[in-house]
Every structure is written in C-alpha cells, then in structure tokens.
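Okay, structure first, notes after.
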Amino acid sequence: MIATPLLNKLLNRIALYDDALAYKELFVLYHSKLVQFSTSITHSKESAEEVVSDVFLKIWNTRINLTRIENFHLYVYIVTKNASINCLLRQKKNKAFSLDETVVEFRSIYSDPEQLMITGEMFRRLSNAINGLPPKCRMIFKLIKEDGLKHKEVAQLLNLSIKTVENQMTIALRKVGQSINFNLPKAAHN
Amino acid sequence: MTENLYWNLLAKKLSGEASPEELKELEELIKSNSNLIYPAEVIEKLWSLKAKQDNSYDAEIAFELHIENLKNKGVDLTELQIPLTTPQEQPNKPLKRKKYFLIASFCVACLLIVTGFIWKYSSKEIVSLPNKSYSEISTRLGSKTRLVLPDSSIVWLNAGSKLTYSENFGTTNRNTTLSGEAYFDVKKSSTPFIIHANGLQIKVLGTAFNVKSYPNEKTTETSLIRGRVEITNTKRPGEVFILNPNEKLIISNELKEEKTGVKHKIEPKVVKGALTVTADNTVVETSWVENKLIFQDESFEEVARKMERWYNVRIEIKDEELGKLNVGGGPFENETIQQALVALQIAFQFKFTMNDNYIIITR
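In order, the protein sequence lines correspond to chains G and A.
Position 11, counted from 1, in the first sequence is what this note's numbering calls 11; the numbers after and before it change by one each time, with no gaps.
Count along the second sequence starting at 1, add 1000, and that's the number in this note's numbering.
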C-alpha cells in the first residue's frame, strides 16, 4: 500500500508549504480507490467523483492540521464514507444507509487470473465464491485486501466490532478456500 | 473448528497483523492438515495480485476537474504554491552534481579582508530610512515559513529568523541579509545572489544550501546541498572559501560578552567538513525543512538551543558538565517538547521540570 514515510512527506509538504505538487500527488494516489469506495455506497460513479472532490476540498481547507492526524489513511476513508452517505441520503431521502446495500467491485482479482496458476474451472468457482459473498462480507474483504486497511481500521470505519470484522474475514476466506478445493474436511458446513 | 481458526489466522497474516505466536500456530495447523496447503497457497497468491495499474491519465483529468471545483467553491488558488524544487529530493541523490560544471564557468574571484568578525547589523531594530525601502520576513520561535523571492528563488526560514532584501531585489542586485537559519534554493541568474550573515558574505549563482547564523550561537554554518557557493568575509580580504556539494563550512562568531558588553576577540576558526547524513539518508543540516528535528553528536547545550527555537520554550541546563555532554536523538516530528525530552532521557541521564514554557534540566 502507500508507504507511510512517503505519505508523511507529502502531508508535511502540504501542511507546511502549501505545496501544490504534493497535493496533486496525494490526490492521484487516493483518487481511484476512494472513488471506488464511494461508488459502492452511492451506486453512482458521477456522485462518487463529486464526493471525492469534496473530500479533497476539505483536506485543502484544513491542511494546516494535516500533520496532526494520527492515521491519515483511515481518516480519509472515514471522511469519504460520511460524505458518500450524506450524498446518498440527499438523493434518496427516505432511505437510511445500510452496509447490506453496498455494491462492491474488486479491481485486483479479475485483472490477471493467469497469475493465480489455477485452472479455468477453479477460477470460475473462485469468482463465484467471491461474488456470492454477502455485501457486508465483500466490503470488509475488499477493504482489507485492496485498500490496505487493518482489521481494527475496518472496524472503526464501518462501526463494527473487531470480532465481527475478523469473523467476516474468516467466513470469506473459508468460502474462497473451499471453492478451490473440494477435499477440505467439514466442507459441508457453511 | 480448527478450520475456522486456520482461516482466522490466515486472515491476520495476510493483512500483516499476525503476531509471531499466531504465525507459528498457523504453520503448525498447515503441517497437521496437509489439505490446507494448496488453498492457502492460492489465497496467498490471490492476495498478492495487484489491481491493474490505475490509469494515471484519468486521475490527472480528475484533478483538473477538482481544481475547477475548488475555483467554483471560492477557494483562493493563489495559495497553491508550486515549488521549483524541493529540498528533500537532493540528499538522496548521488554526489555527482550535473549543474556543477555549469556553475564552475562562473568563477568569480572575491576579495576579503581577514581580521575579526563583527556583527554587521546590530541586534537593535532596523530603522527604515525614508528613501530606502526593503522587505523583511521574520519568523517567531516555534514556527517556520517559506517564501518565494521576486527572482523566483525559494527560501525556507526556520524558527526565530529574519530575512531582509531591498526593493529592487532581482533587478540590479540579489542581496539579502539573514539572521537565524534559512534554506535557499536559488534560481540561476547572472546576478550573484548574496547573503549577508554575521559579517560573512555568501555568494551563489544557482544552488541549494542552508545557512545557520543565529545571534546567540558560537558559529555560523553554511551547508551546501547542490551547486557551488563562495564564502567571503568583509574583514578578511583575499580569503575565499569554496564549498562543494555535501560539504559545510563552520565559522566561529565573535560573541559579545554579556556582562561587560565587550566583544571577545575569538581567533576566527574555520572548519570545513562533510554534511551529516543519518542511517536512513536524511541530511541532518536540512532536516528542519521537512519538519524533522534531529540531533547528531552535539553538546547538550547546543541541543537545548535548538529545542528552544523549535518549541518556543526556554531551557536552562543547571549543570555545566551536563551541558557539555555529547547527545544525539530524533528525528522528532510531531512530538511535544515533553515527549522529546522523555525520549532523550532514555539514552542520557537527566531530570527535567517544566513550568509553563520554562524548562530546567538537572542531573
């Protein structure tokens, strides 16, 4: 993921020196991840782009305090989540936000299946397993695998207990593992 | 149930959160359940699959749109400063400087008079003469700033420092006066960029370097990152010090003895040395520009002076021997003064008390 020393250097340059190049670099670093995360909540890429722009507007306006944020990576996801929920609620006024309604896309898994060195048949089973994960489970799985968040950070971000996050990950991995190998004992259990 | 435990541990391992005990436990589980080996391998491979390289072009376009958005929301875009270069790029580059041969062709012979050093500008407030106008930028203790001069050179000013330059700076001359510490990234031009600091003249043509010349310090230090610098002294004609990249020059100041107000005639000592680089390639002399406070092989007294300016506090070391002790520490970035002192205490034995912004250090 994004190396912390690099991230800290960028944050320093923005906070202390109003450095436009660093600000742009930060934007480019986070843009696609945050847009994808926001889209899973707002269900609209257009809205997601607006949300991410607003998030970075906020970052610019409060840049003096950037170096005081303890965990910037988690912070930017939290801000994006809140802005996305607000956007969603604005558009669909009678709906409340629920994790179960998120639509999560994976970027990494489908990009190069050959690298997995498994048969086409196995890859099909694997994709089905991942696609078949319930929304909350998928979201957690994606945040940990693709967005580089830790279990504790995901728990904070989604307002869940760490136990829940760990359990969901266990379920996700077990389902994926079973899909590749029918010979696992107790495979019947779900 | 061991199966669930297995996936649980694997999940922790994949996100880098497994403790050494948990990793061991995981290994044991695989050994006793050989049919877990293959799925584990595939999943670990799955984990290492990176997303397709994001089309950076998309992100660039998105950034342009984002800037438009900022404009529409009334953000003052003039605050977005685009630097020409940044100081942290340089220390990690190899010693060979490509610009060196360009600057070498601008060799200028300077005449110097060599006697004692005096304060060229007194510590009193500068009275502005009616027909002379100049610009002055100063920083308080505990804060730093960065400014762009009329000739597009960039200066980073450390805490408790002041930089002055005349009205026609950039056109007929590039003369500045410095009290304190500043890092310069000078735009190349045929007009020499001259910094007056404590009786010294530091002449450059287009380079990146650091000057440290605080009034209450014993020495003036010039550290060169890139380019070439010539240092002369008005009182010592004929003597030119030339710095190459990654070198620094330390010159002792003439200090006023506090009680009698008499100026000490210190035999002006000049030492040329290499820049100090830490294990992770940070140049200590310019680390302040990146908001890092580092002490390397300095006396406790010097460290106290640095901390006073950095944190805007007053520090008194009650024990003279303690003040002479060689200490090192840091890098400190976001710590409070107390946290920094506690960190130093781990390596060096001392006690401290803090009252408001006044700190006393004892054995």
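C-beta atoms are modelled at their ideal positions from N, C-alpha and C, and glycine is treated no differently.
Predicted, not measured: the structure shown is a model, and the values here were computed from it.
Counting only the same chain and skipping the five closest in sequence on each side, list residues whose C-beta sits under 7 Å from that of residue i.
| i | result |
| --- | --- |
| Y1134 of chain A | T1164, Y1165, S1166, E1167 |
| I171 of chain G | C137 |
| I85 of chain G | I41, F97 |
| Q1338 of chain A | M1354 |
| A72 of chain G | Here residue 72 of chain G is Phe; the residue named in the question, Ala, does not match the sequence. Once the five neighbours on either side are set aside, the close Cβ partners of F72 of chain G are L7, L11. |
| T219 of chain G | Residue 219 of chain G is absent from the model: chain G starts at 1 and stops at 190. |
| E1022 of chain A | L1009, K1012 |
Go through its chain and collect everything with a Cβ distance to residue i's Cβ below 8 Å, but skip five positions before and after it.
| i | result |
| --- | --- |
| A1274 of chain A | N1246, E1247, K1248 |
| A155 of chain G | S161, I162, T164, V165 |
| H189 of chain G | Since pLDDT at H189 of chain G reaches only 46, below the 50 mark, its modelled position is unreliable, and the value read off the structure follows with that caveat. Cβ within range, chain order: n/a, list empty. |
| N1291 of chain A | K1144, E1333 |
| L1026 of chain A | Y1006, L1009, L1010, K1013, A1018 |
| Q36 of chain G | A48, E105, R107 |
Take residue i and list the residues in its own chain whose beta-carbon comes closer than 6 Å to its own, dropping the five residues that flank it on each side.
| i | result |
| --- | --- |
| L1344 of chain A | G1329 |
| E1302 of chain A | none |
| I1361 of chain A | I1317, F1350, F1352 |
| N1210 of chain A | Y1183, S1223, E1285, T1286 |
| Q1296 of chain A | T1276, V1284, G1328 |
| G1160 of chain A | L1141, G1180, R1309 |
| I1194 of chain A | N1175, Q1201, K1203 |
| L1341 of chain A | F1352 |
| T1139 of chain A | T1145, L1157, A1159, S1161 |
Whole angstroms are fine: how far does the CA of residue j sit from the CA of residue i?
| i | j | result |
| --- | --- | --- |
| T1368 of chain A | S1299 of chain A | Nothing can be reported for residue 1368 of chain A, as the shown portion of chain A is limited to 1001 through 1363. |
| K175 of chain G | S1032 of chain A | 21 Å |
| K1045 of chain A | S108 of chain G | 11 Å |
| I1067 of chain A | I1225 of chain A | 34 Å |
| N1357 of chain A | T1234 of chain A | 39 Å |
| I1315 of chain A | M1307 of chain A | 8 Å |
| A1011 of chain A | P5 of chain G | 25 Å |
| N1253 of chain A | N65 of chain G | 38 Å |
| E1136 of chain A | L1147 of chain A | 11 Å |
| M117 of chain G | S1015 of chain A | 22 Å |
| E46 of chain G | C87 of chain G | 11 Å |
| N1281 of chain A | K1212 of chain A | 21 Å |
| N131 of chain G | Q178 of chain G | 14 Å |
| I180 of chain G | I140 of chain G | 21 Å |
| D1379 of chain A | A1279 of chain A | Summary: the structure shown does not reach residue 1379 of chain A, with chain A confined to residues 1001 through 1363, and so no result is reported for it. |
| H31 of chain G | K1162 of chain A | 40 Å |
| E70 of chain G | E1028 of chain A | 36 Å |
| S127 of chain G | K1071 of chain A | 43 Å |
| V1289 of chain A | N1158 of chain A | 8 Å |
| E50 of chain G | E1217 of chain A | 53 Å |
| M169 of chain G | L133 of chain G | 11 Å |
| K1073 of chain A | N82 of chain G | 20 Å |
| R68 of chain G | Y77 of chain G | 17 Å |
| K1324 of chain A | L1077 of chain A | 49 Å |
| T1172 of chain A | V1313 of chain A | 41 Å |
| I14 of chain G | L157 of chain G | 25 Å |
Along chain C, which residues have their Cβ under 8 Å away from the Cβ of residue i?
| i | result |
| --- | --- |
| R174 of chain G | The displayed structure is made up of protein chains G and A, and chain C is not among them. |
Query raised in the report: If you measure beta-carbon to beta-carbon, which residues of the region 1007-1018 of chain A are closer than 7 Å to chain G?
Result: W1007, N1008, L1010, A1011, S1015, E1017
**Report entry** chain G contacts from the region 1185-1218 of chain A (Cβ-Cβ distance under 8 Å)
**Finding:** none
Query - Sequence ranges, beta strand (DSSP E) only - wholly within the region 1184-1226 of chain A, length at least 3 - result: 1193-1197, 1200-1204, 1208-1213, 1219-1226
Query - Proximal residues, the region 123-135 of chain G versus chain A, C-beta separation under 7 Å - result: none
Query raised in the report: Taking any Cβ of chain G, which residues in the region 1279-1304 of chain A have a Cβ under 7 Å from it, in chain order?
Result: E1290, N1291
**Report entry** Contact the region 1227-1235 of chain A vs the region 1200-1217 of chain A: 3+ CB pairs below 8 Å
**Finding:** yes
Query raised in the report: What are the start and end residues of each continuous beta strand (DSSP E) run of 3 or more residues lying completely inside the region 1153-1183 of chain A, in chain order?
Result: 1154-1157, 1162-1166
**Report entry** Secondary structure, alpha helix (DSSP H): runs of 4+ residues fully inside the region 107-182 of chain G
**Finding:** 120-131, 135-145, 151-158, 162-180
Query raised in the report: Do the region 8-28 of chain G and the region 1057-1068 of chain A touch if we need at least three Cβ pairs shorter than 8 Å?
Result: yes
Query - Any 3 or more C-beta pairs closer than 8 Å across the region 98-107 of chain G and the region 52-67 of chain G - result: no
Query raised in the report: Which of the residues in the region 150-170 of chain G, read from start to end, lie with their CB under 7 Å from any CB of chain A?
Result: K150, H151, E166, M169, T170
Requested in this report: Using a Cβ-Cβ cut-off of less than 9 Å, give me the residues of the region 9-20 of chain G that come near chain A, in sequence order.
Outcome: K9, N12, R13, A15, L16, Y17, D18, D19, A20
Query - Near-chain A residues of the region 27-39 of chain G - C-beta to any C-beta below 7 Å - result: F27, V28, H31, S32
Query raised in the report: Which of the residues in the region 1019-1053 of chain A, read from start to end, lie with their CB under 7 Å from any CB of chain G?
Result: N1035, Y1038, P1039, V1042, I1043, K1045, L1046, W1047, L1049, K1050, A1051, K1052
Query raised in the report: Where are the beta strand (DSSP E) runs, 3 residues long or more, that stay fully inside the region 1255-1334 of chain A, in chain order?
Result: 1270-1274, 1293-1299, 1314-1317, 1326-1332
Report task. With 8 Å as the C-beta to C-beta threshold (strictly closer), list the residues of the region 60-77 of chain G near chain A in chain order. Result -> W60, N61, T67, R68
Query raised in the report: Name the residues in the region 1311-1345 of chain A whose C-beta lies less than 8 Å from a C-beta of chain G; which are they?
Result: E1333, N1334
Report task. Could you name each continuous beta strand (DSSP E) segment of 3 residues or more that falls completely within the region 41-102 of chain G, going from the start of the chain to the end? Result -> none
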